[in-house]
Amino acid sequence: MNDAGKVSTRRSTVEEWTRALAESTGSPGGGAGTGVMLAIAASLTSMVAGYTEGGHAGLADVHARARALRETALTLADQDAEASTAFGAAFRLDPGPERDDAIHRASVAAAKASAVLGERAIEAIKDLSWLASHGNPALIADVVVACGALRAAIAGARTNVSFDLSSLTSAGADLEEVRKDHPHLWDTVSRLSNALDRIDELTASVDHKAAPTDGL
């Protein structure tokens, strides 16, 4: 825990971080939790890659990307927590132009933070898919667990981007204006929805290997 008494994913224990998450402060909140889920997915991807014997083209790249993503995801989790703090503060201001401006800035910043997390989660699907086909078969259950964590990250990012964009209506905009002014963020929601279908298909394709007793 840092000197200011705040928690971060990098400097806090799991117990400290989850205790802070359990409090009604909003920082860390669901967005930061999304980052942690992405870090868990990346960590499991790295572990499975590490247990997979060499000789497969691309294995070293999968391993390197997963290890880098773990660190990136933790940083993004902390950045999302900071955005969440500003988001909450904006809504506590007294009604007026200053509040509207603060809500607009905080909502866009929060949406962007979640969008970055979501884009990184989308990129991670291909490496889990590769491991589902070429990874050590003894660790297929870990691949499925990683898929679950990655799905949680994608779903969290999708929901947070969408919610943050809709929060701009509290600053006087309507949703059509939001779509026009922030087309990339708006499209990110659709990309993340499509990614949920992809991760569900991947999980279904290997679930029979990971849980062979199910349905017997």
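If you use this note's numbering, the sequence shown corresponds to residues 430 to 645, in order.
All C-beta atoms in this analysis are idealised placements derived from N, C-alpha and C, irrespective of residue type, glycine included.
Tell me which residues share the same chain as residue i and place their Cβ nearer than 6 Å to its Cβ, disregarding the 5 neighbours each side in the sequence.
i    : result
A512 : A538, A539 and A542
W446 : V436
S536 : D593, S596 and L597
For residue i, I'd like the list of residues in its chain whose CB is within less than 7 Å of its CB, leaving aside the five on either flank, ordered along the chain.
i    : result
R627 : I554
G487 : W559
V534 : Before going on, a small fix: residue 534 reads as Arg here, not Val. Hits under 7 Å: none found.
S622 : R587
M476 : D571
V465 : T438 and A506
A471 : A495, L498, R499, A502 and A553
D556 : T474, V491, R494 and A495
T632 : V573 and C576
G547 : I583, A586, R587, V590, T617 and L621
Per DSSP, what kind of secondary structure is residue i in: helix, strand or coil?
i    : result
T632 : helix
K435 : coil
D509 : helix
T617 : helix
L522 : coil
M430 : Bear in mind that a pLDDT of 38 at M430, under 50, signals an unreliable position, so the number given afterwards is only what the model happens to contain. Three-state DSSP puts M430 in coil, outside helix and strand.
D529 : helix
S456 : coil
L373 : This structure cannot settle anything about residue 373, because the visible part of the chain is limited to 430 through 645.
Beta-carbon separation of residue i and residue j under 8 Å?
i    : j    : result
I569 : A497 : no
T463 : G577 : no
H611 : L594 : yes
V635 : V573 : yes
L522 : A510 : no
Below 7 Å, is the gap between the Cβ of residue i and the nearest heavy atom of the ligand NAP?
i    : result
R587 : Although the ligand NAP was asked about, the structure shown includes no ligands whatsoever.
What number of angstroms, rounded off, separates the C-alpha of residue i from the C-alpha of residue j?
i    : j    : result
E452 : W615 : 30 Å
A495 : E552 : 10 Å
L579 : G601 : 35 Å
V491 : A515 : 36 Å
G517 : G455 : 7 Å
P566 : Y480 : 10 Å
V590 : A468 : 19 Å
Below 8 Å CB to CB, which residues in the same chain sit around residue i once its five sequence neighbours on both sides are set aside?
i    : result
D432 : Below a pLDDT of 50, predicted positions are generally treated as unreliable, and D432, at 40, falls in that range; no measurement from the model is reported.
8 Å is my cut-off, CB to CB: does residue i come that close to chain C?
i    : result
R627 : Although the question refers to chain C, the structure presented lacks it and comprises just one protein chain.
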